[in-house]
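**Q** Structure incoming, see below.
Residue numbers (our numbering), protein chains in the order written: chain P, 1 to 324; chain L, 325 to 1258.
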């Protein structure tokens, strides 16, 4: 497997990175950001939408901060699994990502911005040629989506990151920076349909850091991951739950690996709270509600019907474990 | 007290300082072979010398013909494999490690279509690309090849049509990989698309364009490559069953998942001979196929087997890319290297066949198994590969270890437009074995007896014959079952654990070397030949073609030679990489290497031993019968002081003739029946195994976690217990993959969706249970020092053991493999719907109350145990054939005793209506019988 050639840029400051991006944008040159490379580089080896330029964040100083309230984009997942004063829910999710080898390189920024996945897309070039390409990597052919044919407007590739849902239920904020400056928004508003758009990052912007407010950091939660093997595998479904201990009204649920974006489920929580909290009965009702609200498609290892059914079990277990 | 007997007269030849340390560079050269820093003979280790020849090694299964040449040196000792240093230091040279000067890179153009005719290939744009040195297409190599002489249906590159996505179309050699990849985009191929077939059931029907055409032997216009019918015994026994089990299985195809992708380097040397480097299990077949395809005599080809990074059957076919490299190298005049991507590894495949298997079995009122009725439809993919054999193995390897009243098998292998299936660890036996063992569990459930006791009361004894005519020699099945029962604490756990926790049993039976050498008559040429040479330095060079694929065949051969000659294993050098220097060997398949090559090596070593002992006789004056060989020394058995060093005896023996040379060969004895297909499954010995698996099933998610396995395998005699345990644990891992998570997924468009190691889910270390390997030694009379295979058989029992354990845990019989969580969940949902419960955690766990049959079985098993022991130790040498349990006399042909006892290889016309899925292939006629019907 040969990676297509590209020019690698190694800025050492955030400003340099931004101006580099600005220059490339001006010239009309396409580029990707790379942090740990565990997501991007395998995709490049498969010739999945490679770009002529890659800007690495690895040499930038000061973007690997690790604290309860702030985690830099270059913080390695291995460091998130250790007792570094990180929120226990993040530790729980980070330690379930891929394998220990991958975690040593992979970063928080990369995990949040993970490319969406689909078994019609994550394949070698020759394989994709044999299906006449797909909507997400159409190689100029205008090819249709292979998951849901006869619609070439939406990409339904699945977002399979583990950490995003836990950050969402902790009310995390993301800080994005680019040639046009810094902006901050809740992570819950970061993701954007569809599987190709993925998120609100504009061209030239990258995710600088994630911050947790005092209230968010005080939350307690649990993350449940569905996967066939306890190593390597991306989640086939994931549910994160959190609350301010003792206060059911503060309950938050987020799901991942079920659709093109991870998302919170405030309506389903509200619907259950409206009827008044009643222990296990409410947990079950909530689990059923969340299950009903997700729409997985057939593009990961396990069939979508099963993944959907498991949302009920995962939600129930996440909430139960959290309340305990 | 002295340190013992010196190897060599005089001092060790070392100058030492006053403080005892050596002086660097000031050492006198010690006499070669004297033992270096160990000048004294080690004492004889009686713990590794059998009881029968005066040692202390226990022999509960009786003595062995090789006992008299045991020296206690290597056999039975746990030792690391002789090539392990090279592997752990990264110095082992695998296929892609070969680098020749001036080499260039070859790439293969593969079909993007499932099934298409190639109308034309224009290579002009490729040839015009700077950096391209050679281009080849199917037209460059029109000769067919295939691993089996009866089914040669492959070309180096497609001629006329492609048969699956990934099939080879053309190839190119260029100065570097980037240029070669670019060149692949410049081929202009004109296609005519054909209607593909993916479903093996469809393969049984007539097609407009069958994937291959076999002329007058073609079955109508179907895609059936091979059909088999076999029926033995008295079918009237199954008419009124006391208990029965009937199950239809669907098993996904699995791949070997070896670490090293295929890689090859081809180079035509200045004399015009081809040197081909390839990680092959079966270099000799590649040698033959290269000769055919390249139109070059075999003696002008040297096949060099590199280290093999795992094979498991997946590197045992001659491969088209090996031909491509040779063709490109011939055209370009440069060495050409081709290394596969993982995707290409899956496209060449040769993994286990996706199968639809139906098993019906019945038991009579005495809980004797009155009939097995097996139907196996297997999906062969685009080519024949080993499929002819697989079609038989799916049936015939189920004829033991149980005594059967009757046996009925219909099998069919069909071509589909998918990567070709082939041989994989446990070849052909694994899927049917799983179905049969689960069926037995179900019958035990109906009869309310313990499934282990049901098995123990129905086993064939040692030295018997199966219903299909296989000759069973040593048989450790009973001991294996008893040991896992005890080890797992079975009686306290079976049907007694809470919901979600379960325990299950499974057995296995496998060949130890195929009795039929594929390319020649076993009565004319040996299966294996080993050459041996001992020169003045005392080192022993052994030349063998046995392909070490990581299983440790080189170590096994070194060990047996070391044992016979009483030399430390470091003095044995096995040369096994090149066809130029190795005697012809059939290679590493059908678990034949230890049995056949070690036997050949022992014979060669015995010749050397005789020459050494005769030389010692001349020197010492004592007849060889009174001499003992032990650690580099030969001495008089009643006075060890009267002796001669190995080296001195060797030099004496070398007088007048120089280096000692010997050759040993192994040939299996004549055996088996005379019916069509009687040779399939015939082996000089068989291995037996029994596993108990314990599982946890998450009743809400369907996730299965195998926690413990007690794995007993009868390998005859563990030449190297460390290697045997490694094979058992490795087999467990591989089998667990097939039963829990591994499958080749073909999506709705027929494409292989998971041709990579992330989506093809081989269990990780987290999924690995604790495995307790238990070695059973039944001392096979014909095996080397009693040994039988341990590489494939141990895989078989893990599948049914897990499936049966899942039943014990949740009370649901699942017959779809792998048991991925969605499959289990579907089963749970279905059961829940049919039950009175809403919550799966309320489901009842299966329980067992013994019926009156149970004590009868226990009593019969007890009787049989005594019978088996006497037969194993050859205290009872009376004949025993399958059928004695049903009251027949083994000394009279069964056909003469029972009306209706039959041995049939074709169905009777009245049977045609009731054949199973694969059996329907018998409704079709061969072209030669279809005059005017076409």
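The beta carbon of each residue, even a glycine, is placed where N, CA and C say it ideally should be.
1. Could you pull the DSSP bridge partners for residue 785(L) from this structure?
2. Nearest-angstrom Cα distance between residue 1168(L) and residue 1029(L)?
3. Please work out which residues of its chain come closer than 6 Å, Cβ to Cβ, to residue 353(L), disregarding the five sequence neighbours upstream and downstream, and give them in chain order.
4. Among the candidates 1208(L), 394(L) and 1019(L), whose CA atom is the shortest distance from the CA of residue 368(L)?
5. Using beta carbons (cut-off 7 Å, strictly below), is residue 283(P) in contact with chain L?
6. Helix, strand or coil for residue 69(P) per DSSP?
7. Could you give the distance in angstroms between the alpha-carbon of residue 1174(L) and the alpha-carbon of residue 549(L)?
8. Can you tell me whether residue 980(L) sits near the ligand ATP, meaning its C-beta is under 6 Å from at least one heavy atom of the ligand?
9. Please tell me whether residue 228(P) has its Cβ less than 7 Å away from any Cβ of chain L.
10. Residues in the same chain with beta-carbon distance under 8 Å from residue 356(L), minus the five sequence neighbours each way, listed in chain order, please.
11. Indicate whether residue 900(L) and residue 879(L) have their beta-carbon atoms separated by less than 7 Å.
12. In angstroms with no decimal places, state the Cα-to-Cα distance between residue 262(P) and residue 1237(L).
13. Using alpha carbons as the reference points, say which of 493(L), 464(L) and 1180(L) lies closest to residue 443(L).
14. Let's see if you can read the secondary structure: which residues bound the beta strand (DSSP E) around residue 896(L)?
15. Can you grab the Cα-Cα spacing for the pair residue 51(P) / residue 415(L), in whole Å?
16. Buried or exposed, going by whether 16 or more other CB atoms sit within 10 Å of the CB of residue 15(P)?
17. In this structure, how does DSSP classify residue 33(P) when only helix, strand and coil are distinguished?
18. Let me confirm a value: residue 1166(L) is counted as buried when at least 16 other C-beta atoms fall within 10 Å, else exposed. Which label applies?
19. Grab me the residues of residue 298(P)'s own chain with a C-beta within less than 6 Å of its C-beta, minus the 5 sequence neighbours each way, in chain order.
20. Chain P partners of residue 605(L), CB-CB under 9 Å?
21. In this structure, how does DSSP classify residue 107(P) when only helix, strand and coil are distinguished?
22. Would you mind sorting residue 1163(L) into buried or exposed? The rule is 16 or more other CB atoms within 10 Å of its CB.
23. Within 10 angstroms of the Cβ of residue 1017(L), are there 16 or more other Cβ atoms? Answer buried if so, exposed if not.
24. Using a Cβ-Cβ distance cut-off of 7 Å, determine whether residue 1059(L) contacts chain P.
25. Which value, in whole angstroms, describes the spacing of the CA atoms of residue 1114(L) and residue 377(L)?
26. For residue 1(P), would you say it is in contact with chain L, using Cβ-to-Cβ distances shorter than 7 Å as the test?
27. How would you call residue 1068(L), buried or exposed, if buried means at least 16 neighbouring beta carbons within 10 angstroms?
28. Short check: CB of residue 190(P) to CB of residue 174(P), under 7 Å?
29. Count the other CB atoms, across all protein chains shown, that sit within 10 Å of the CB of residue 281(P); report buried if there are 16 or more and exposed otherwise.
30. Please report the straight-line C-alpha distance between residue 67(P) and residue 172(P), rounded to a whole angstrom.
31. Please report the straight-line C-alpha distance between residue 817(L) and residue 580(L), rounded to a whole angstrom.
32. Cβ of residue 674(L) within 7 Å of Cβ of residue 641(L)?
33. Pop quiz: residue 127(P) and residue 502(L) are said to be a contact at Cβ under 8 Å. What is the actual Cβ separation, rounded to whole angstroms?
34. By the criterion of Cβ-Cβ separation under 9 Å, what are the contact partners of residue 119(P) in chain L?
35. Would you check if the stretch 1189-1208 of chain L and the stretch 785-801 of chain L touch, i.e. whether three or more CB-CB distances between them fall below 8 Å?
36. Any chance you could list the alpha helix (DSSP H) runs of at least 4 consecutive residues sitting entirely within the stretch 382-412 of chain L, in chain order?
**A** The answer reads as follows:
1. Answer by DSSP bridge pairing: none, since residue 785(L) is not bridged.
2. 20 Å
3. Because residue 353(L) carries a pLDDT of 48, less than 50, the predicted location of this residue cannot be relied on, and the following value inherits that uncertainty. Answer for residue 353(L): no residue qualifies.
4. If we check each option's Cα against that of residue 368(L), 394(L) comes out closest.
5. no
6. In the three-state reduction of the DSSP assignment, residue 69(P) falls in the coil class.
7. 47 Å
8. No copy of the ligand ATP appears in this structure; indeed no ligand is present at all.
9. So, interface residue.
10. Reliability of the predicted coordinates at residue 356(L) is poor, the pLDDT of 49 falling under 50, and the value obtained from them is presented with this limitation in mind. The beta carbon of residue 356(L) lies closer than 8 Å to those of 860, 861, 862 and 971 in the same chain, with the five residues before and after it left out.
11. no
12. 56 Å
13. 493(L)
14. 896-899
15. Cα to Cα, the separation comes out at about 37 Å.
16. exposed
17. Three-state DSSP puts residue 33(P) in a strand.
18. exposed
19. 304
20. Within 9 Å Cβ-Cβ: nothing; residue 605(L) doesn't reach chain P, min ~25 Å.
21. strand
22. exposed
23. buried
24. no
25. 26 Å
26. Interface residue, yes.
27. buried
28. yes
29. exposed
30. 13 Å
31. 34 Å
32. Yes. Within cutoff.
33. 20 Å between Cβ atoms; not a contact.
34. 1069, 1071, 1077, 1078 and 1083
35. yes
36. 408-412
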